[in-house]
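Trainee: From first to last, the protein sequence lines are chains A and B.
Heads up, the first sequence stops at 1249 in this note's numbering, and the numbers go up one at a time, no gaps.
Heads up, the second sequence stops at 118 in this note's numbering, and the numbers go up one at a time, no gaps.
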Amino acid sequence: KAGVTQTPRYLIKTRGQQVTLSCSPISGHRSVSWYQQTPGQGLQFLFEYFSETQRNKGNFPGRFSGRQFSNSRSEMNVSTLELGDSALYLCASSGRTSGDTGELFFGEGSRLTVL
Amino acid sequence: AQSVAQPEDQVNVAEGNPLTVKCTYSVSGNPYLFWYVQYPNRGLQFLLKYITGDNLVKGSYGFEAEFNKSQTSFHLKKPSALVSDSALYFCAVRDRGYSTLTFGKGTMLLVSP
Chain A
1135 KAGVTQTPRY
1145 LIKTRGQQVT
1155 LSCSPISGHR
1165 SVSWYQQTPG
1175 QGLQFLFEYF
1185 SETQRNKGNF
1195 PGRFSGRQFS
1205 NSRSEMNVST
1215 LELGDSALYL
1225 CASSGRTSGD
1235 TGELFFGEGS
1245 RLTVL
Chain B
6 AQSVAQPEDQ
16 VNVAEGNPLT
26 VKCTYSVSGN
36 PYLFWYVQYP
46 NRGLQFLLKY
56 ITGDNLVKGS
66 YGFEAEFNKS
76 QTSFHLKKPS
86 ALVSDSALYF
96 CAVRDRGYST
106 LTFGKGTMLL
116 VSP
C-alpha cells in the first residue's frame, strides 16, 4: 500500500512569508505526527493529531500550527518565517490507538529553505 | 520526561567488520524502543523495535539490537557491515502511555570499503 506522502518536497521562501505543508498518511492510519529536523537540533517533535484533534504538542512557538482533516490528511503551517525555520519537516503516521506500540512510518519530508 | 542519548556522533567501521551503534534511554515506565535509519535527503525508515520479551531483537537488513534493562541501553548491532549501511541512525523511545516518540540526535555510520 502507498506510504506517507508529503508535498511539496522542496520549497524556498523569504523571511516574513508563511508556508503550508501537506501530509497524506498511510491508508487507515489515524495518527499523524510532525517533526522538524535540523543539523544542530536533530529531530524535534512539533505536534501529533489523532482523529482531527491535537493530542500532543512540542515546544515550538505559536507560529507553528497544524490541523487534521476528516480523511486523516494533515497540514502544518508556519507563519512569519524566520531564517531558523529552514529545516526538513517530516510527517509520520501510525495506526496508534491505546496500547499500540506507536511505531511511526515517515514520509520523505519537505525541505524548507528560508532566505 | 523521556530522553535518548546516542553518545557517538559518528561511527567508522570497515566493510565486513561487526558494527555497534550505541543508545541509552531514560523513561519513567517500561519502554518501547526503536531504531530508524535515514539516507541522504530521505525520510526515516523503520529498522526494528523492542516491545517486550526476548532481549535480542532482529530487524531489517541483518540488523539486531539488544535491550539491557539494567543498563538502560538498546545498542544496534550487525555482524558484518556493508558499505551500503552507511547512513544516519536514530534511536527512539516512548513509554507505554500516550506519550510521543523521542529521538536521539542520531549517529552517522560510515562503512569503508
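We put the CB at the ideal spot given by N, CA and C, even for glycine.
1) If you count every other CB in all the chains shown that lies within 10 Å of the CB of A19 (chain B), and 16 or more means buried, which is it?
2) L106 (chain B) by DSSP, collapsed to three states: which one?
3) If we require 3 or more residues per run, which beta strand (DSSP E) segments fall completely within the region 13-45 of chain B?
4) Measure the CB-CB distance between D100 (chain B) and P36 (chain B) and report whether it falls below 8 Å.
5) Residues of the region 104-116 of chain B in Cβ contact with chain A at a cutoff of 9 Å, in chain order, please.
6) Would Q50 (chain B) and K27 (chain B) qualify as a contact pair, given that the criterion is a beta-carbon distance under 8 Å?
7) With a cut-off of 8 Å, do at least 3 Cβ pairs link the region 1136-1143 of chain A to the region 65-83 of chain B?
8) Please classify G34 (chain B): is it buried, with 16 or more other beta-carbons within 10 angstroms of its beta-carbon, or exposed?
9) If you draw a straight line from the C-alpha of P84 (chain B) to the C-alpha of W40 (chain B), how long is it?
10) Going by C-alpha to C-alpha distance, which of A:D1219, A:K1191, A:M1210 sits closest to S1199 (chain A)?
11) Can you give me the C-alpha to C-alpha distance between W1168 (chain A) and K74 (chain B), rounded to a whole angstrom?
12) Just grab the DSSP bridge partners of A1297 (chain A) for me.
13) Bridge partners of R1245 (chain A), per DSSP?
14) DSSP on G67 (chain B), reduced to helix/strand/coil?
15) Is the CB of L81 (chain B) under 8 Å away from at least one CB in chain A?
Mentor: Straight from the coordinates:
1) exposed
2) In this structure, DSSP gives L106 (chain B) a state outside helix and strand, which the three-state scheme calls coil.
3) 15-19, 24-26, 29-31, 36-43
4) yes
5) S104, T105, L106, T107, F108, G109, K110, G111
6) no
7) no
8) exposed
9) 17 Å
10) With respect to the C-alpha of S1199 (chain A), the residue from A:D1219, A:K1191, A:M1210 having the closest C-alpha is A:M1210.
11) 29 Å
12) An answer regarding residue 1297 (chain A) cannot be provided, because it is not within the stretch 1135 to 1249 covered by chain A.
13) A:Y1144, A:L1222
14) helix
15) False, the Cβ-Cβ gap to chain A never drops below 8 Å.
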